[in-house]
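First the structure, in the form of structure tokens, and then the observations on it.
Numbering (UniProt numbering), first residue to last: 1 to 594.
This is how it looks when you write it as structure tokens:
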């Protein structure tokens, strides 16, 4: 969630009335009203979106099956705000605190209502005992048995609201007298000062500047601030937190208010394990699930992602290995090709070394190593004597051991590059997805001009859907295979993967007619040996094909062949995924630790 657009709600003071005199400046502190929010029915997803067929890439044992089994809702920011207000109300029915205080308490417990309730049980028992004492002793004054409640409020950095009325100091200063602000060191009338229950008061201008700085600067850059959303009193060594109504009352800039409202909502989502922002740029929807799991969810914007890690849906590889893979790619891909061609490793400390000329006598520059070795055989330099340019000890045991280690390192690098290059090729191919869909849509419109109905031409879009799903599945099978140890099951998996790749490419020779060539070109880049250049070339060829006339006589024949082929491809994709998941269930897979 990178933008604040779409947050149109405002704070006001209509939901709860304060128990204190409305003329008091602090009267608004007991109510947390996040504005009137229009209640919109959430989208309950189960493989369908707005009544249309699920066409997203990826899938578990099939794109539809996992989504049907995994129930979730897609909510707007306004619905999330309403959900947060309802959560506060539910808690307040039990603990009976001001809503602003309850919001801070829930934020402290990461919006886990159960944990907060557990801490309140002891206090509630004491309240029952207090009521019994009052009835037995006929006391008109309250008897307080706070138990461990003070510790709870102290941990949350708020003043116990049950003690506010008893401990609030009476102001003895006349409203006509001036006060000295401890921040700007200027004198203002007492009516221009305000503060929290801690008793520290500052002028309105300093309060506004302080809160604005906290919200705009720290709210933009500090992850802990965004998650916990805590602003403490500006007084030195005071950790009492500023409540939401005080913040909204003291800030005059509407943009800052909007930012604070966004941070409140974002804090609620980030702390709730059942909620996740859609990772698509400029999307303001939230996915709510019944239980957190590594399952595919689809936002209203069309983005399908893994609820557990937030990445694009990545079946069959698990989140753990995908995270390791992404980190490895970010760290290694840029320089690994150059390193493989131009460097060797020190046989002692394995630091990468480049030789830019001179003799074969190498000295490691690592301050903790400084090993001397031969560049040719990688053996210790001492036995070489004066053989500065010709190595005469290539077959010595030490030299062979060093070269073997070097070869293992190079083999590991080459293995990584093999999988990385193919993974990247498929990723690049998927980036052309929107362009391909637009071109296929144009072709479908052209076919409708040849007396084919809208329903009859949907086979083209469905074929591209299946091919994109196959491409996505194949992309993540490279990640899965990279971390997989060789065994009988892994060999079967590789056969399935190669079969799927070959089937996807096999669409090409079906027919020389325009419609089939469109589908064949759409799947360019899916095969194990295809790369970005193939897809770019295929896109240019596709542009030429789209300008040609369509033969009406061949359309029905094209439709049947394409449907048969994409259905078979989809069935093989499901078999591949089923094989991987069966291995997960039976614990057949063994992994290589990176």
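Ideal Cβ positions, reconstructed from N, Cα and C, are used throughout, including at glycine.
By DSSP, does residue i sit in helix, in strand, or in coil?
| i | result |
| --- | --- |
| residue 435 | helix |
| residue 274 | coil |
| residue 592 | coil |
| residue 363 | strand |
| residue 311 | coil |
| residue 356 | coil |
| residue 180 | strand |
| residue 113 | helix |
| residue 329 | helix |
| residue 579 | helix |
| residue 563 | helix |
| residue 70 | coil |
| residue 152 | helix |
| residue 374 | strand |
| residue 584 | helix |
| residue 269 | helix |
| residue 556 | helix |
| residue 319 | helix |
| residue 286 | strand |
| residue 306 | strand |
| residue 380 | strand |
Counting along the chain, where does the beta strand (DSSP E) carrying residue i start and finish?
| i | result |
| --- | --- |
| residue 297 | 296-298 |
| residue 344 | 343-345 |
| residue 195 | 193-195 |
| residue 90 | No beta strand (DSSP E) contains residue 90, which is instead part of the alpha helix (DSSP H) from 77-95. |
| residue 203 | 201-203 |
| residue 198 | No beta strand (DSSP E) holds residue 198; DSSP gives it neither H nor E. |
| residue 187 | 187-189 |
Roughly how many whole angstroms lie between the Cα atoms of residue i and residue j?
| i | j | result |
| --- | --- | --- |
| residue 259 | residue 466 | 42 Å |
| residue 216 | residue 564 | 57 Å |
| residue 181 | residue 118 | 41 Å |
| residue 353 | residue 364 | 8 Å |
| residue 245 | residue 97 | 15 Å |
| residue 70 | residue 271 | 21 Å |
| residue 346 | residue 381 | 12 Å |
| residue 538 | residue 432 | Reliability fails at residue 538, whose pLDDT of 37 lies under 50, so the model's placement of it is uncertain and no value is given. |
| residue 358 | residue 339 | 19 Å |
| residue 350 | residue 586 | 39 Å |
| residue 207 | residue 199 | 14 Å |
| residue 331 | residue 423 | 15 Å |
| residue 46 | residue 452 | Confidence at residue 46 is low in this model, with a pLDDT of 45, below 50, so its placement is unreliable and the value that follows should be read with caution. About 31 Å. |
| residue 86 | residue 94 | 13 Å |
| residue 592 | residue 485 | 6 Å |
| residue 81 | residue 277 | 13 Å |
| residue 421 | residue 472 | 15 Å |
| residue 463 | residue 83 | 40 Å |
| residue 531 | residue 231 | Confidence in residue 531 is poor, its pLDDT being 31 and thus under 50, which makes the residue's placement too unreliable to answer from. |
| residue 91 | residue 78 | 20 Å |
| residue 252 | residue 205 | 10 Å |
| residue 348 | residue 366 | 10 Å |
| residue 448 | residue 457 | 7 Å |
| residue 407 | residue 317 | 29 Å |
Taking the alpha-carbon of residue i as reference, which of the options has the nearest alpha-carbon?
| i | options | result |
| --- | --- | --- |
| residue 413 | 199, 104, 482 | 482 |
| residue 579 | 556, 185, 477, 206 | 477 |
| residue 429 | 469, 459, 460, 461 | 469 |
| residue 104 | 248, 567, 267 | 267 |
| residue 152 | 201, 108, 327 | 108 |
| residue 89 | 190, 275, 113 | 113 |
| residue 197 | 324, 187, 243 | 243 |
| residue 409 | 373, 357, 344, 446 | 344 |
| residue 101 | 480, 326, 240, 461 | 240 |
| residue 262 | 284, 252, 280 | 284 |
| residue 474 | 442, 419, 437 | 419 |
| residue 189 | 203, 199, 213, 207 | 203 |
| residue 273 | 257, 325, 279, 291 | 291 |
| residue 294 | 72, 184, 460, 560 | 72 |
| residue 256 | 279, 212, 191, 411 | 212 |
First and last residue of the alpha helix (DSSP H) that includes residue i?
| i | result |
| --- | --- |
| residue 608 | Any property of residue 608 remains undetermined from this structure, which presents the chain solely from 1 to 594. |
| residue 235 | Here residue 235 belongs to no alpha helix (DSSP H), and DSSP marks it neither H nor E. |
| residue 159 | Per DSSP, residue 159 belongs to no alpha helix (DSSP H) and is neither H nor E. |
| residue 215 | No alpha helix (DSSP H) holds residue 215; DSSP gives it neither H nor E. |
| residue 108 | 99-108 |
*Which runs of the beta strand (DSSP E) fall wholly inside the segment 404-479 and span at least 3 residues, in chain order?*
Taken in chain order, no unbroken stretch of beta strand (DSSP E) lies wholly in the segment 404-479 with a span of 3 residues or more.
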